[in-house]
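Numbers in the numbering used here are just positions in the sequence shown, counted from 1, shifted up by 4.
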Amino acid sequence: QVLVYEIFPFLHSKRELTVITNSTSTPLGSYLTLRAVCVSWTELLRSLRTDFHLYGYTKKEEEFYRRMKTFVPNLRHVLLTIKNKADMDRVCESADGPLVPLNHFNSRMSIFAKWTTEEQVQKLLHRLRYVSPESTADQDAQCKKGSIALETLSLQDCLELTDASVSFIINNMLHLRSLSLLRCFRIQNPIGSSESLQRLEMINCTALSDEALSLLVSRCPNLVELGVWCCPQLRTPQIASMRLKRIDFSYCTSLTDDCLTFIFNGCPNLRDIVCEGCRELSFPTVFSTSLIKCDFSYCTSLTDRFVSSMFVSCPNLKDVNLEGCRGLYDPCLASQSVEKVFLTFCSALSDESVSGLFRNCPAVREVALHCCRQLRRPVIRSSSLQRLDLRYCTSLDSECVKNLFEMCPNLTEVDLRHGSRLHDPIIKGETMNFVRLLETDHSSDAVTVQGMVIDSPIASEIRVLNCTPSHSSHIIG
Numbered sequence: 005q006v007l008v009y010e011i012f013p014f015l016h017s018k019r020e021l022t023v024i025t026n027s028t029s030t031p032l033g034s035y036l037t038l039r040a041v042c043v044s045w046t047e048l049l050r051s052l053r054t055d056f057h058l059y060g061y062t063k064k065e066e067e068f069y070r071r072m073k074t075f076v077p078n079l080r081h082v083l084l085t086i087k088n089k090a091d092m093d094r095v096c097e098s099a100d101g102p103l104v105p106l107n108h109f110n111s112r113m114s115i116f117a118k119w120t121t122e123e124q125v126q127k128l129l130h131r132l133r134y135v136s137p138e139s140t141a142d143q144d145a146q147c148k149k150g151s152i153a154l155e156t157l158s159l160q161d162c163l164e165l166t167d168a169s170v171s172f173i174i175n176n177m178l179h180l181r182s183l184s185l186l187r188c189f190r191i192q193n194p195i196g197s198s199e200s201l202q203r204l205e206m207i208n209c210t211a212l213s214d215e216a217l218s219l220l221v222s223r224c225p226n227l228v229e230l231g232v233w234c235c236p237q238l239r240t241p242q243i244a245s246m247r248l249k250r251i252d253f254s255y256c257t258s259l260t261d262d263c264l265t266f267i268f269n270g271c272p273n274l275r276d277i278v279c280e281g282c283r284e285l286s287f288p289t290v291f292s293t294s295l296i297k298c299d300f301s302y303c304t305s306l307t308d309r310f311v312s313s314m315f316v317s318c319p320n321l322k323d324v325n326l327e328g329c330r331g332l333y334d335p336c337l338a339s340q341s342v343e344k345v346f347l348t349f350c351s352a353l354s355d356e357s358v359s360g361l362f363r364n365c366p367a368v369r370e371v372a373l374h375c376c377r378q379l380r381r382p383v384i385r386s387s388s389l390q391r392l393d394l395r396y397c398t399s400l401d402s403e404c405v406k407n408l409f410e411m412c413p414n415l416t417e418v419d420l421r422h423g424s425r426l427h428d429p430i431i432k433g434e435t436m437n438f439v440r441l442l443e444t445d446h447s448s449d450a451v452t453v454q455g456m457v458i459d460s461p462i463a464s465e466i467r468v469l470n471c472t473p474s475h476s477s478h479i480i481g
């Protein structure tokens, strides 16, 4: 009773309630005793817009949910995680479970299911269709007796799931906003249309074809986010949508330049594209005034010419990831808008290219050059740079970093670990507050960096990693 009265003002102001308990030591009935303890507590709970997460659906969770519905009648959103086939059977057969609509208002539901059979999925879908409004015109009538609107559905490792089931989901779940299918290997040509679907993920659906994906996107006009990962059959899907803002084709290893060119022409509002591991891409035509973020990491066939043209033809680009693009040697990196550039593991990158990056990108704030082993003396001068990663740049000369903080007055964080050629540098900086500098080279007895002098009035953290006391005595600061 004391606990209730003490936290009641805080709960009333926040209008939220989170209960965390140890189910092995706390009896289930103790949740319900609060109702008799304090009338104000119950009134507060009735006024809350409550979300509830059921992780699993054993008999224990089923009993708890049944009591919770009575205790918190304003239960608006149920997030249900189904971990195995037994849980799915119990959900579908329960007479008073999450699939039974509550009275006097509509409830929303998100379902995450793993290792379920085709028959169980069909049973779940038909039951949800039965309690959901058939159309928007019937919502007022359904609101009086209660209904369930399935908003999010994620099916993982449903190895028996067929095209017919996916088509049924898209066509009949009228409130579905997000659909995720992970490792559903039998999906090849799902056909469906949806006005409500905004997010679609198809991961490791290895049989998915170009024609099926193109048709599916065209029939979901409000789709905003599309994620198609590890689908090796995809080569030239024709994706065109006015509303698409994010596309992820990670490790679709057969994707071609023509596909990407068509996407940029057909998706004028695209803001974020991910093509990680698409090894066939070399020189797609990219032109977009809306693109803000792109990820072409480990696209090993990309050329200097493509990267140079992308920086010019995307005037609002801010975040570029080119990690592991081993084919880059001397791209011209020039953009007025770019703020973050990741060039880690671009082992052949030249000093001239990196110098041009800092010279021609006046807004750049963060640069990662991890493992760019060819860099020796790039000119690092930028008034906007704040974070710099130079780990494992084993050829980097001490003269390059000697006046680093003076040439970059706003630089606050730098990582120089494993720079084997750095000897006796003097680092000065008025803004330096976080530096990772030293680490022992375990392949020899020599210290990676020797005779380091650090001069900064506001340095708050300087890390000396894996150095014995005798090694760290070389540090002066």
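We put the CB at the ideal spot given by N, CA and C, even for glycine. Please read all numbers here as calculations on a predicted model, not as lab measurements.
- Segment contact: the stretch 310 to 323 against the stretch 347 to 356, fewer than three CB-CB distances shorter than 8 Å; contact not assigned.
- For the 8 Å CB-CB criterion, residue 339 and residue 376 do not form a contact.
- DSSP links residue 153 through a beta bridge to 112.
- Sequence-distant Cβ neighbours of residue 117 in its own chain, meaning closer than 6 Å and more than five residues away, are 86, 159.
- Going by DSSP, residue 372 is part of the beta strand (DSSP E) stretching over 370 to 372.
- By the CB criterion at 8 Å, residue 192 and residue 214 fall outside the cutoff.
- DSSP places residue 402 inside the alpha helix (DSSP H), whose first and last residues are 402 to 406.
- Comparing alpha carbon positions, the residue from 93, 335, 298, 234 closest to residue 311 is 335.
- The C-alpha of residue 179 is placed about 28 Å away from the C-alpha of residue 254.
- Residue 364: member of the alpha helix (DSSP H) spanning 355 to 364, first to last residue.
- The beta carbon of residue 218 sits closer than 6 Å to the beta carbons of 241, 242 from its chain, once the five residues preceding and following it are set aside; these are given in chain order.
- The beta carbons of residue 400 and residue 409 sit about 16 Å from each other, so the pair does not count as a contact at 8 Å.
- Ranked by how close their Cα comes to the Cα of residue 260, the residues 288, 235, 328, 275 have 288 in first place.
- In this structure, 365 is the residue among 403, 402, 404, 365 with its C-alpha nearest to the C-alpha of residue 386.
- For residue 206, the enclosing beta strand (DSSP E) covers residues 203 to 207.
- The continuous alpha helix (DSSP H) containing residue 170 extends over residues 167 to 176.
- Inter-residue distance for residue 94 and residue 172 is about 22 Å (C-alpha atoms, whole angstroms).
- Rounded to the nearest whole angstrom, the CA to CA distance from residue 380 to residue 333 is 14 Å.
- Residues 57, 114 of the same chain have their beta carbon placed closer than 6 Å to that of residue 83, with the five preceding and five following residues left out of the count.
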